[in-house]
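First to last, the sequence lines map onto chains E and R. At position 14 of the first sequence (counting the first as 1) the number is 14 in full-length UniProt numbering, and the numbers step up by one without a gap. At position 17 of the second sequence (counting the first as 1) the number is 17 in full-length UniProt numbering, and the numbers step up by one without a gap. Note that the Cβ used here is the ideal one computed from N, Cα and C, for glycine as well.
There are 2 protein chains.
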Amino acid sequence: MIYFNSGDELLLVLEALSNQQRLKIIAVLSEGKQYVSQLARELGISRPLLYLHLQKLEEAKLVSSDMEILESGKAAKYYMLNPVQFEINEQMIHALAPSLTMKKKN
Amino acid sequence: MIYFNSGDELLLVLEALSNQQRLKIIAVLSEGKQYVSQLARELGISRPLLYLHLQKLEEAKLVSSDMEILESGKAAKYYMLNPVQFEINEQMIHALAPSLTMKKKN
DNA sequence: ATCATATGTAATGATTTTATTACAGGTAAT
DNA sequence: ATTACCTGTAATAAAATCATTACATATGAT
Numbered sequence: 001m002i003y004f005n006s007g008d009e010l011l012l013v014l015e016a017l018s019n020q021q022r023l024k025i026i027a028v029l030s031e032g033k034q035y036v037s038q039l040a041r042e043l044g045i046s047r048p049l050l051y052l053h054l055q056k057l058e059e060a061k062l063v064s065s066d067m068e069i070l071e072s073g074k075a076a077k078y079y080m081l082n083p084v085q086f087e088i089n090e091q092m093i094h095a096l097a098p099s100l101t102m103k104k105k106n
Numbered sequence: 001m002i003y004f005n006s007g008d009e010l011l012l013v014l015e016a017l018s019n020q021q022r023l024k025i026i027a028v029l030s031e032g033k034q035y036v037s038q039l040a041r042e043l044g045i046s047r048p049l050l051y052l053h054l055q056k057l058e059e060a061k062l063v064s065s066d067m068e069i070l071e072s073g074k075a076a077k078y079y080m081l082n083p084v085q086f087e088i089n090e091q092m093i094h095a096l097a098p099s100l101t102m103k104k105k106n
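Written out as structure tokens, the structure is:
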């Protein structure tokens with residue numbers, strides 16, 4: 001279960017989830033870990049773009065990664081889904097809103 | 001409680017929630033209905049921008065509006081929060097991902 | 001050596017989102 | 001009729017996000 005300690009943390013997760021591609025990535029990874037190139041093929045998107053999406057998911061701590069060796073002997077970067085489960089309601093938004101820092105993003 | 005009938009519906013809500021200003025709007029409206037001009041003053045943002053945010057929240061069915069007459073006699077557009085409560089987990093994302101239509105937005 | 005398949009990232013471009021300024025129109029009170 | 005509010009939107013600008021192309025590097029197999 002995911003708990004949010006600040007508005008910024010909540011927002012980070014919501015932003016990570018508010019994209020079709022990233023939702024699809026989560027859907028695929030929910031079936032098991034996968035490495036980047038294979039994942040890009042399955043989703044039909046370019047690898048650089050996939051990196052970008054994975055980075056956002058990783059920043060929100062929704063996925064993790066590690067390097068593994070394929071049967072072929074080549075190194076591959078595997079991504080796996082962290083447990084994703086949380087509730088949203090107006091009380092929590094009200095409670096966390098004050099800790100939203102009005103950032104301008106880099 | 002909010003239920004999602006498709007990936008697109010889920011995404012619409014997530015997109016509506018993935019913005020600081022809109023989270024703050026929800027926080028303010030959770031304390032009670034408010035009219036646009038007053039809300040803009042409270043949030044310290046321009047009215048045209050607020051309209052844009054409110055429109056997104058309304059499309060996601062998170063808020064509703066109606067015209068009312070102020071004590072002063074002037075017409076005001078009041079916005080109020082609809083019940084916001086739902087759960088997110090990987091099973092539902094997996095189930096709804098196939099019904100994500102890869103849109104290019106207008 | 002060449003091919004096939006991996007990772008990783010720089011540079012660039014296209015599109016969307018966010019935000020401001022500037023209008024036009026309405027009602028009520030002084 | 002001027003002031004002080006309100007709604008509503010067009011036009012534009014600024015910033016962030018999304019997406020592609022191109023390249024460098026590495027490993028194993030033929």
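Using a Cβ-Cβ distance under 9 Å, would Met67 (chain E) count as near chain R?
Residue numbering aside, residue 67 (chain E) sits at position 67 when the first sequence is read from its first letter. No, its Cβ sits nowhere closer than 9 Å to a Cβ of chain R.
What residues from chain E crowd round His53 (chain R), counting only those whose CB sits closer than 7 Å?
Counted from its first residue, the second sequence places residue 53 (chain R) at position 53. Going along chain E, no residue has its Cβ under 7 Å from His53 (chain R), so there is no contact; the nearest lies around 14 Å.
Residue nearest to Glu42 (chain E) in terms of C-alpha spacing, selected from E:Leu14, E:Gln21, E:Glu9, E:Leu57
On the first sequence, position 42 is the one that residue 42 (chain E) refers to. Restricting attention to E:Leu14, E:Gln21, E:Glu9, E:Leu57, the CA atom closest to the CA of Glu42 (chain E) is found in E:Gln21.
Could you name the residues of chain R that Lys61 (chain E) contacts, counting a contact when the two beta carbons are closer than 7 Å?
Here residue 61 (chain E) is taken as the residue at index 61 of the first sequence, counted from 1. None at all; the shortest Cβ gap to chain R is about 14 Å.
On the three-pair Cβ rule with 8 Å, is the stretch 28–37 of chain R touching the stretch 85–99 of chain E?
yes
Interface partners of Met102 (chain R) on chain E, CB under 8 Å:
Locating residue 102 (chain R) in the second sequence gives position 102, where the first residue counts as 1. Within 8 Å Cβ-Cβ: Gln20.
Leaving out five residues on either side along the sequence, give the residues of the same chain with a beta carbon under 7 Å from the beta carbon of Leu96 (chain E).
As a first step, residue 96 (chain E) is located in the first sequence; it is residue number 96 there, counting from the start. If we look at Leu96 (chain E) and ignore the five residues flanking it on each side, its Cβ neighbours are Phe4, Ser6, Gly7, Leu10.
CA nearest to the CA of Lys77 (chain R), picked from R:Ser99, R:Glu59, R:Leu50
The residue labelled residue 77 (chain R) in the question sits at position 77 within the second sequence. Checking every option, the nearest Cα to that of Lys77 (chain R) belongs to R:Leu50.
Might you give, ordered along the chain, the residues of its own chain that have their beta carbon closer than 7 Å to the beta carbon of Ser99 (chain E), omitting 5 neighbours on each side?
For the purposes of this step, residue 99 (chain E) is taken as residue 99 along the first sequence, with counting starting at 1. Around Ser99 (chain E): Ser6, Gly7, Asp8.
Assuming Leu17 (chain R) contacts Leu23 (chain R) (C-beta within less than 8 Å), just tell me the rounded distance between them.
As a first step, residue 17 (chain R) must be located in the second sequence, where it is residue number 17. As a first step, residue 23 (chain R) must be located in the second sequence, where it is residue number 23. Right, the Cβ-Cβ distance comes to about 7 Å (below 8 Å), so this counts as a contact.
Ser72 (chain R) (DSSP reduced to helix, strand or coil):
For the purposes of this step, residue 72 (chain R) is taken as the residue at position 72 of the second sequence. Three-state DSSP puts Ser72 (chain R) in coil, outside helix and strand.
Run through the DSSP bridge pairs and tell me what Glu87 (chain R) is partnered with.
For this step, residue 87 (chain R) is matched to residue 87 along the second sequence. Glu87 (chain R) pairs with E:Glu87.
Proximity to Ile26 (chain E) [Cα-Cα], best of E:Ala60, E:Met67, E:Lys103
Residue mapping note: residue 26 (chain E) aligns to position 26 of the first sequence, counting from 1. Just measuring C-alpha positions, the residue of E:Ala60, E:Met67, E:Lys103 sitting nearest Ile26 (chain E) is E:Ala60.
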